[in-house]
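Residue numbers (full-length UniProt numbering): 1 to 407.
Where is the CB? At the ideal position from N, CA and C, for every residue including glycine.
Below is one structure; the comments refer to it alone.
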Amino acid sequence: MNAQNNHDSSQPWHPGSWRAHPVKQVPDYEDKRLLAEVEEQLRRCPPIVLAPEAARLEGHIAAAGRGEAFLLQGGPCAESFDAFSADFIRALYDTLAQMAQIVEKGLGKPVVRTARLAGQYAKPRSSAVEGRNGQELPSYRGDIVNSHRFEAPARRHDPLRMVKGYDQAAATMNYARALASAQNDDRFFVAHEALLLPYEEAFARPVAPGQAQGAYYGASGHFLWIGDRTRQPDGAHVAFLRGLVNPLGIKVGPTTPATDLLALLSTLNPGRKAGRITLIARMGAGRVRDLLPSLVEAVKASSQPVTWVCDPMHANTISAQGGVKTRPFDAIVQEWSGFKAVLDQAGVPAGGIHLEMTGRDVTECTGGPQGLQESDLGLRYESHCDPCLNATQALALASMVASGGKS
């Protein structure tokens, strides 16, 4: 679409404004009455995070954009109701903390962590349906929408799953806060893709409690991002996020035109506030050096203050034998190195890295220090969506980042 057709940021905003815009990747709930009841129930629930916490994170992100800090984002592709446990949360927290120590020592700057946690339950899909053995069912859209089990009742879009998602997110955040408090850790935050708009709308809360006419923030997470499939400048997700004061991420992929990117920056950050926008580049190991420079230069010329972060995961997914998805560790390293080279050439700080990872010893990505082969993938493949780095691979990648980008 044309950049001039983006949202008019001067127009009044309210949490339900997005409903008047074209929407993608939203479930088709059959029971509209139950959906309305669930939305009302969620609106009464306590927030997962508080506005001052999100504002503090924004300050850290602004520092990363100036090259004075580094943003480490990581966690599972999608949180699972079944895999939920204290051990899972603690393993991820500990691994991110170890990675931060490595990077901080190597780069000589503070590292702030945002875990893909306490809300990363919804997933965009390239197709609305999935076929197996001649049977076609709705695609799995994350545990907050339906089940990964390939059965008709399990794949039904169920609004009650949003309630379970909230309960699990609240418990996750409670434990993560306790872990951080025990370590006097004030640089740990949570993040997720703001994809499921009925859920996100329920957690759009006034920054000043009780003052509905003032500013709003997304109480579902400190940092919210918009995905590559839902970043249309005239779309519902942009319409929703423009009204929240949280720091926001925008996924930037091979199909992102510079005109759309500049339109998004104008809509989501009309006040040009540092720390407000993080651009998360996901180009692919073999394309990042060709595709990223023009976007970096366009943003640089616009004088919009952004923080550039590398997502070396999403554009490097391949199918192994048997159709199992994996990601080669070498490609992940190559994309980070290419990203860093492009930013260095432009004189722009490489502000951080965004990873799909776990603190567990899974076997989902090939290569790395353990030399995992495609034949090893079946040993401990736990993800219901995309493959994650295991703890050993994630720590090795942190060491590479700490070295300044040299593989």
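Just the C-alpha distance for residue i and residue j, rounded to the nearest angstrom, thanks.
{"i": "E68", "j": "R276", "result": "16 Å"}
{"i": "R56", "j": "T114", "result": "12 Å"}
{"i": "D376", "j": "Q321", "result": "11 Å"}
{"i": "I37", "j": "P159", "result": "Here residue 37 turns out to be Glu, not Ile, going by the sequence shown. Each residue's Cα considered, the two are about 9 Å apart."}
{"i": "D290", "j": "I318", "result": "20 Å"}
{"i": "P153", "j": "K325", "result": "26 Å"}
{"i": "M1", "j": "T392", "result": "Residue confidence is low: M1 scores 31 on pLDDT, short of 50, so the model does not pin down where it sits. Its coordinate-derived value is still stated next. Each residue's Cα considered, the two are about 43 Å apart."}
{"i": "I250", "j": "L265", "result": "9 Å"}
{"i": "P76", "j": "R360", "result": "10 Å"}
{"i": "R43", "j": "V333", "result": "42 Å"}
{"i": "G108", "j": "Q98", "result": "15 Å"}
{"i": "E201", "j": "G131", "result": "32 Å"}
{"i": "N6", "j": "T267", "result": "Any reading at N6 must be qualified, since the residue scores a pLDDT of 49, below 50, and its modelled position is unreliable; the value itself is stated next. Approximately 7 Å, taken between the alpha carbons."}
{"i": "S85", "j": "F189", "result": "19 Å"}
{"i": "V306", "j": "G134", "result": "47 Å"}
{"i": "G253", "j": "V309", "result": "12 Å"}
{"i": "L389", "j": "Q183", "result": "25 Å"}
{"i": "A3", "j": "N174", "result": "Reliability of the predicted coordinates at A3 is poor, the pLDDT of 36 falling under 50, and no value is obtained from them."}
{"i": "T255", "j": "A341", "result": "21 Å"}
{"i": "R287", "j": "N316", "result": "10 Å"}
{"i": "G404", "j": "A54", "result": "29 Å"}
{"i": "P312", "j": "I102", "result": "19 Å"}
{"i": "A180", "j": "G65", "result": "24 Å"}
{"i": "L397", "j": "L248", "result": "25 Å"}
{"i": "S127", "j": "G106", "result": "42 Å"}
With a cut-off of 8 Å, does the C-beta of residue i fall near any C-beta of chain B?
{"i": "P349", "result": "Structure shown: chain B not included; a single protein chain is present."}
In the DSSP assignment, the beta strand (DSSP E) including residue i goes from what residue to what residue?
{"i": "E79", "result": "Careful: E79 lies outside any beta strand (DSSP E) and carries neither H nor E."}
{"i": "G218", "result": "216-218"}
{"i": "T114", "result": "111-116"}
{"i": "P138", "result": "135-138"}
{"i": "F223", "result": "223-226"}
{"i": "F189", "result": "188-193"}
{"i": "V252", "result": "248-252"}
{"i": "R132", "result": "129-132"}
Quick check on the DSSP output: the alpha helix (DSSP H) that includes residue i runs from which residue to which?
{"i": "P198", "result": "197-202"}
{"i": "H237", "result": "236-241"}
{"i": "K32", "result": "32-43"}
{"i": "R177", "result": "160-182"}
{"i": "R19", "result": "Looking at the DSSP string, R19 is not in any alpha helix (DSSP H), and its letter there is neither H nor E."}
{"i": "I102", "result": "86-107"}
{"i": "L57", "result": "51-65"}
{"i": "V401", "result": "391-402"}
Would you call the CB atoms of residue i and residue j closer than 8 Å?
{"i": "Y217", "j": "A78", "result": "no"}
{"i": "I48", "j": "G119", "result": "yes"}
{"i": "Q73", "j": "H314", "result": "no"}
{"i": "A169", "j": "E382", "result": "no"}
{"i": "K300", "j": "A350", "result": "no"}
{"i": "residue 408", "j": "M400", "result": "No information on residue 408 is available, as it lies outside the stretch 1 to 407 that the chain covers here."}
{"i": "L262", "j": "S302", "result": "yes"}
{"i": "Q41", "j": "R229", "result": "no"}
{"i": "A281", "j": "F339", "result": "yes"}
{"i": "Y117", "j": "T172", "result": "Correcting the residue type first, residue 117 is Leu in the shown sequence and not Tyr. Contact: yes."}
{"i": "Y121", "j": "A176", "result": "no"}
{"i": "A62", "j": "A215", "result": "no"}
{"i": "R242", "j": "A219", "result": "no"}
{"i": "S139", "j": "R125", "result": "yes"}
{"i": "P27", "j": "V207", "result": "no"}
{"i": "T363", "j": "F329", "result": "no"}
Using a Cβ-based criterion (distance less than 7 Å to any ligand heavy atom), does residue i qualify as near the ligand MN?
{"i": "R156", "result": "No copy of the ligand MN occurs in the structure displayed, which carries no ligand at all."}
Notebook entry, point to check: Is it true that the region 189-203 meets the region 220-233, where meeting means three or more beta-carbon pairs spaced less than 8 Å apart?
Noted result: They touch, by the three-pair rule.
Next item on the list: Output the residue ranges of the alpha helix (DSSP H) runs that lie fully inside the region 310-380 and measure 4 residues or longer, sorted by chain position.
Entry: Counting only runs of 4 or more, we get 329-346.
Note to self: Under 8 Å, with one C-beta from each stretch per pair, do the region 236-250 and the region 18-26 reach the 3-pair mark?
What the structure shows: Output reads yes: the region 18-26 touches the region 236-250.
Check: Mind pulling the beta strand (DSSP E) runs of 3 or more residues that sit fully within the region 256-301?
Finding: 277-281
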